[in-house]
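Chains as they are written, first to last, in the numbering used here: chain A, 51 to 196; chain B, 13 to 416. Using N, Cα and C, we set each Cβ at its ideal position, and we do this for glycine too. Model, not experiment: these values are computed from the prediction.
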């Protein structure tokens, strides 16, 4: 887990919930290089705590996250449901960031309140970052209006 | 007609029912008129009765008429009338016969149809049940396949995503190639091993994989693999102890095969793949403790290789499903995150292809498990003339999903 307790940077703070170490490394390097605060974890319970206490501007959420005993499980859905249920975290935009490409998964994540659906394989880090920037911008505008 | 009487108890409409109201049945039911056995025309419908009434009315009418006109009835007229009545009666009687026969035929056809319908219903019921069962099985299979494809998809996409990430950053120039290269290489290796697993599984299903048996020193394979496995990240993290138990075969046996462990007759490369796979599994599912390899002799002709771990164990129910393709165990330890889910299926097919047998023993969840397989001891076997001894004897068609 990478936790930074520095002041929030201008661009925003991203939480990546992901089990694939190499992907975490890429995004860690890339997003920090581009001025984002970066947090990551592969543990769902920890991710929920981080979401509540660190209040990231956006969460990148992988769906298939193995349980600690190495079982493949689609824990991402549980996390998504829990975040949207908690009044403290329900306004944080969540981007489903996954390798599942079925229509069903897309619809499911939309229904559960995800802000966007990114298919991992198709996007380079830069494209992901652009999408993230856009979503953070809209969510901040919305916040300011309120 | 005794038979008819016997059957008179039958309900109306059934063959054998005697309509007691039928005059024909009561009076004329004997040869050559024994025809009312199946007549089910009701009393007022009985055409024979109609014809009788009409005849009587006609006779009386004519007689009265002639009596009134001439004061007496001429004999000729009486004879004429009787002849007419008889002729008329004959034809009417004939048509009654026809009607009754037609009725009878209709009845028979109806009954036959009913019987057929009943039988059909029975058969349809039976087949519906059968189809239902098959459908359920197919559905299960389909679910398994969907699950499996989902995993495959994930398994192939993940390294692709990683590689794409590194590559695009490298292209942008924002990442040093030296740092990206090993990650890309690792991803490629992961993809190719996954793909080759699927290919193996496909080939083994159609039993196209040819075994190339040779004199093989199992101990050498195992001893070669152990340091490699010991250095796996997971084994290091969990401080697992991976070791080989020294075999304690009798001196007699040892002299028979001229060494500590007998040589076996099998496909070296494929068996090495199986052992490596079994060791990997043992490591993945063992959180603490270790993995032990030990050898046994089975009779005079087989060597048994056991890989025992102190891991999560397998419930009795799941042990049955273990070697099936596409099957994922429902308990906690179903799939390794990076496994294809085909390892044990492939292992089973390879072992069978080498004239051996693979089994799994576990006392239950959390009690560790032992995977064992046998291989024939080398006794001057030779390749058959074409060099492709057909190795797989049993299970000509592999039905995945079905309990063995």
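Pull up the distance between the alpha-carbon of residue 171 of chain A and that of residue 166 of chain B, whole angstroms please. The count along the first chain starts at 1 and reaches residue 171 of chain A at position 121. The count along the second chain starts at 1 and reaches residue 166 of chain B at position 154. Rounded to the nearest angstrom, the two C-alpha atoms are 10 angstroms apart.
Output needed in chain order: residues of the stretch 173-185 of chain B with a Cβ under 7 angstroms from some Cβ in chain A. 173, 174, 176, 177, 178, 180, 181 and 184
Compare the C-beta of residue 102 of chain A with all C-beta atoms of chain B and state if any pair is closer than 7 angstroms. To locate residue 102 of chain A, count along the first chain from 1; it is residue 52. Chain B, which has no Cβ nearer than 7 angstroms to the Cβ of residue 102 of chain A, makes this no.
Can we say the stretch 275-289 of chain B touches the stretch 249-267 of chain B, given the rule of at least three CB pairs closer than 8 angstroms? no
Buried or exposed, going by whether 16 or more other CB atoms sit within 10 Å of the CB of residue 189 of chain B? Mapped onto the second chain, residue 189 of chain B falls at position 177. When all chains shown are included, residue 189 of chain B counts as exposed.
Pair within 7 angstroms by beta-carbon distance, residue 114 of chain A and residue 124 of chain A: Residue numbering aside, residue 114 of chain A sits at position 64 when the first chain is read from its first letter. Residue numbering aside, residue 124 of chain A sits at position 74 when the first chain is read from its first letter. Result yes, Cβ atoms of residue 114 of chain A and residue 124 of chain A sit closer than 7 angstroms.
Any beta-carbon of chain A closer than 7 angstroms to the one on residue 9 of chain B? Since the first residue of chain B shown is 13 and the last is 416, residue 9 of chain B is not available in this structure.
Cβ separation of residue 229 of chain B and residue 358 of chain B, assumed to be a contact under 8 angstroms, to the nearest whole Å: The sequence position of residue 229 of chain B within the second chain is 217, counting from 1. The sequence position of residue 358 of chain B within the second chain is 346, counting from 1. 22 angstroms between Cβ atoms; not a contact.
Can you say whether residue 152 of chain A is buried or exposed, counting buried as having 16 or more other CB atoms within 10 angstroms of its CB? On the first chain, position 102 is the one that residue 152 of chain A refers to. When all chains shown are included, residue 152 of chain A counts as exposed.
Answer yes or no: does any C-beta atom of chain B fall closer than 7 angstroms to that of residue 114 of chain A? What you label residue 114 of chain A is simply residue 64 of the first chain in a count that begins at 1. Yes - at least one Cβ of chain B is within 7 angstroms of the one on residue 114 of chain A.
Rounding to the nearest angstrom, what Cα-Cα distance links residue 237 of chain B and residue 107 of chain A in this structure? Position 225 of the second chain, counted from the start, is the residue given in the question as residue 237 of chain B. Position 57 of the first chain, counted from the start, is the residue given in the question as residue 107 of chain A. Taking the straight line joining both Cα atoms gives about 48 angstroms.
Is the Cβ of residue 187 of chain A closer than 7 angstroms to any Cβ of chain B? To locate residue 187 of chain A, count along the first chain from 1; it is residue 137. No, because no Cβ of chain B sits closer than 7 angstroms to the Cβ of residue 187 of chain A.
Within 7 angstroms, strictly: CB atoms of residue 223 of chain B and residue 365 of chain B: The count along the second chain starts at 1 and reaches residue 223 of chain B at position 211. The count along the second chain starts at 1 and reaches residue 365 of chain B at position 353. In contact: residue 223 of chain B and residue 365 of chain B (Cβ atoms closer than 7 angstroms).
What's the C-alpha gap between residue 192 of chain B and residue 72 of chain A? Here the question's residue 192 of chain B lines up with position 180 in the second chain. Here the question's residue 72 of chain A lines up with position 22 in the first chain. The straight-line gap from Cα to Cα measures roughly 10 angstroms.
Taking buried to mean at least 16 other C-beta atoms within 10 Å of its own C-beta, is residue 89 of chain A buried or exposed? Position 39 of the first chain, counted from the start, is the residue given in the question as residue 89 of chain A. The residue is buried, with at least 16 neighbouring Cβ atoms inside 10 Å.
Alpha-carbon spacing of residue 79 of chain A relative to residue 235 of chain B, whole angstroms: Taking the first chain and counting its residues from 1, one reaches residue 79 of chain A at position 29. Taking the second chain and counting its residues from 1, one reaches residue 235 of chain B at position 223. Each residue's Cα considered, the two are about 41 angstroms apart.
Do you know offhand how far residue 318 of chain B's Cα is from residue 326 of chain B's? Taking the second chain and counting its residues from 1, one reaches residue 318 of chain B at position 306. Taking the second chain and counting its residues from 1, one reaches residue 326 of chain B at position 314. Each residue's alpha carbon lies about 16 angstroms from the other.
Does the beta carbon of residue 65 of chain B fall short of 6 angstroms from some heavy atom of the ligand COA? The model depicted lacks the ligand COA and carries no ligand whatsoever.
CB contact flag (residue 297 of chain B, residue 270 of chain B, <7 angstroms): What you label residue 297 of chain B is simply residue 285 of the second chain in a count that begins at 1. What you label residue 270 of chain B is simply residue 258 of the second chain in a count that begins at 1. Their beta carbons are not under 7 angstroms apart, which means residue 297 of chain B does not touch residue 270 of chain B by this criterion.
Step through the CB atoms of chain E and report whether any lies within less than 7 angstroms of the CB of residue 76 of chain A. Judged by its chain identifiers, the structure shown contains no chain E, and its protein chains are A and B.
Just to confirm, are residue 67 of chain A and residue 95 of chain A a CB contact at a threshold of 7 angstroms? Within the first chain, the letter at position 17 stands for residue 67 of chain A. Within the first chain, the letter at position 45 stands for residue 95 of chain A. For residue 67 of chain A and residue 95 of chain A, no; Cβs fall outside 7 angstroms.
Measure the alpha-carbon distance for residue 6 of chain B versus residue 386 of chain B and round it to whole angstroms. The question about residue 6 of chain B has no answer here: the residues shown for chain B are numbered 13 through 416.
What are the uninterrupted segments assigned as beta strand (DSSP E) that are 3 or more residues long and contained completely in the stretch 85-153 of chain A, given in chain order? 87-91, 108-111 and 144-148
With 16 other CB atoms within 10 Å as the buried threshold, where does residue 312 of chain B fall? If you number the second chain from 1, residue 312 of chain B lands on position 300. Exposed, because fewer than 16 other Cβ atoms sit within 10 Å of the Cβ of residue 312 of chain B.
Strictly under 7 angstroms for the Cβ-Cβ distance: is residue 350 of chain B near chain A by that measure? Position 338 of the second chain, counting from 1, holds the residue named residue 350 of chain B. Note on residue 350 of chain B: pLDDT 49, under 50, position unreliable in the model; no value is reported.
State the DSSP-derived secondary structure class of residue 99 of chain B, mapped to helix, strand or coil. Working through the second chain from its first residue, we reach residue 99 of chain B at position 87. The answer is helix: DSSP assigns residue 99 of chain B an H, G or I state.
Let's see if you can read the secondary structure: which residues bound the alpha helix (DSSP H) around residue 257 of chain B? Indexing the second chain from 1 puts residue 257 of chain B at position 245. Per DSSP, residue 257 of chain B belongs to no alpha helix (DSSP H) and is neither H nor E.
If we ignore side chains and look at the alpha-carbon of each, how far apart do residue 315 of chain B and residue 329 of chain B end up? The residue labelled residue 315 of chain B in the question sits at position 303 within the second chain. The residue labelled residue 329 of chain B in the question sits at position 317 within the second chain. If you take the alpha carbons of residue 315 of chain B and residue 329 of chain B, they lie about 27 angstroms apart.
Taking any Cβ of chain B, which residues in the stretch 76-93 of chain A have a Cβ under 8 angstroms from it, in chain order? 76, 77, 79, 80 and 83
Determine, for residue 196 of chain A, whether the minimum Cβ-Cβ distance to residues of chain B falls below 7 angstroms. Along the first chain, one-based indexing puts residue 196 of chain A at 146. Chain B contact via Cβ: absent.
Since I believe residue 277 of chain B is in contact with residue 171 of chain B (beta carbons under 8 angstroms), could you give me their beta-carbon distance rounded to a whole number of angstroms? Numbered from 1 along the second chain, position 159 holds the residue referred to as residue 171 of chain B. Numbered from 1 along the second chain, position 265 holds the residue referred to as residue 277 of chain B. The pair is not a contact, with the Cβ atoms about 37 angstroms apart (cut-off 8 angstroms).
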